[in-house]
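These notes concern the structure reproduced below.
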Amino acid sequence: METKRVLNFSAGPSMLPVEVLEKAREQMLNYGNSGMSVMEMSHRSSSYLAIFDNTKALLKKVMNIPEGYEIVFIQGGATQQFSMIPMNYLKNGKSDYAVTGAFSKKAMQEAKKFGDVRIAFDGASNQYKDIPSQEELQLDNTASYVHYCANNTIYGTEWKYVPETNGVPIICDMSSNILSKPVDVSKYGMIYAGAQKNMGIAGLGVAIIKKELLQPVPERTPVLLDYTLQIENDSMYNTPPAYAIYVLGLVLEWIDGLGGLEAMEVKNKEKAAILYDYLDSSDFYKTHSNKENRSLMNVTFVTASKELDDLFVKESIKQGMTNLKGHRSVGGIRASIYNAMPKAGVEQLVAFMKEFEERNK
Ligand SMILES: *Cc1c(COP(=O)(O)O)cnc(C)c1O
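363 is the number that this note's numbering gives the last residue of the sequence shown; the numbers go up by one with no jumps.
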């Protein structure tokens, strides 16, 4: 039976490409004549290892990951890695954090437990509406690493450049914009993400790590929080999030088949422009973030009042659009338009916004 699917604007877990869901359904009961589903496989079986290796190879291909980098699949999402980063990469106790939103703040607070954190930028006083310019970043040349979050899921801002750090390794949380556009991996010491936004489903965290960055960790470090040990065991010291890795492989196949990250970027720019152009032409709605650093993934805006925001969300649900309510810390409205959201979905949202404006202005 086909059920009607809604347009899901959730920030995460979020919409998956319908082609991916169909493939997973098709392979659900009997994966490649194994006689079982991927969920039921031993992670050390040859059937599963082929899936695992394929996902890794596809990630390398799609993100154009150069030699000298390792891929780690891990449980605990992005948040666990907030803790792992200082545990693994502090050299002299010093690290720099650019705080441009809620998640970079959480990452910074975690690092404070392990060493001296310098705040290279703090956007709190301006409600996290902007991203610092290179000149505004106060970097310490002796820091072990510089951490920033490439896309601020809650506030709807995105870095449009990779900061120059004088050779200090950059560690970047790309949870909400990874796979949305090409990135030059070679500029980073480490890129990491929770998978449930643009890579697949919850339960999987991904890290892409420059080997040079690795160093022995303090002896008391828990085994699963040690990146080197994870790499030495090819992410299989214990049972990895096996089904989530399989879904990531399906998502990567889908992206690859559509022309890779260049093609994703073209589509994502087109979709975001439809929304932002309308928002800019309207006096009824206001965007949260400053124009220069608006996110292509999470579009945040408000109407004139909280009552109208609530009414907007309520009515949008009746129109088959869900999860448009802004994050509880910001309020208003947020449309998350990751890779899987079709252009037609964004057009439908804008048509509803126009009609809502007409009735309520
Ligand atoms: C969602 C999100 C996180 C948290 O991810 P978990 O996998 O739930 O730990 C961290 N950073 C960013 C940018 C996010 O969007």
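Built from N, CA and C at the ideal position, the CB exists for glycine as well. Values in this document were obtained by computation on a predicted structure and should not be read as measured data.
With a cutoff of 6 Å, S182 does not count as near ligand 1, since its C-beta is closer than that to no heavy atom of the ligand. The beta carbon of Y248 sits closer than 6 Å to those of V40 and I53, all from its chain and outside the five residues before and after it, given in chain order.
The beta-carbon distance between S97 and V119, rounded to whole angstroms, is 6 Å. This is short enough to meet the 8 Å contact definition.
Not one heavy atom of ligand 1 sits closer than 6 Å to the Cβ of F358.
DSSP places M30 outside any beta strand (DSSP E), giving it a letter other than H or E.
Residue pairing by DSSP puts N153 in a beta bridge opposite E160. Judged by DSSP in its simplified three-state form, V170 adopts coil rather than helix or strand. In this structure, the CA atom of S85 is about 9 Å from the CA atom of M110.
In the three-state reduction of the DSSP assignment, T324 falls in the strand class.
Spatial neighbours of K288 in its own chain (CB-CB distance under 7 Å, excluding positions within 5 residues in sequence) are listed in chain order as F303 and V304. Annotation for K93: no beta strand (DSSP E) segment contains it, and DSSP assigns it neither H nor E.
Looking only at M355, T241 and K212, the smallest Cα-Cα distance to L226 is reached by T241. The distance from the Cβ of A100 to that of A122 is about 5 Å, consistent with a contact at the 8 Å cut-off. One thing to note: I173 has its Cβ within 7 Å of the Cβ of G191.
DSSP, reduced to helix, strand and coil, places I53 within a helical segment of the structure shown.
Relative to ligand 1, the nearest heavy atom lies less than 6 Å away from the CB of F105. Relative to ligand 1, the beta carbon of D175 is positioned inside 6 Å of a heavy atom.
Here A195 is buried. Its C-beta has 16 or more other C-beta atoms within 10 Å. Per DSSP, the continuous alpha helix (DSSP H) segment holding G262 begins and ends at G262 to S283. About 15 Å separates the beta carbon of T167 from that of V187, a gap too long to meet the 8 Å contact definition.
The bridge partners DSSP lists for G196 are G207.
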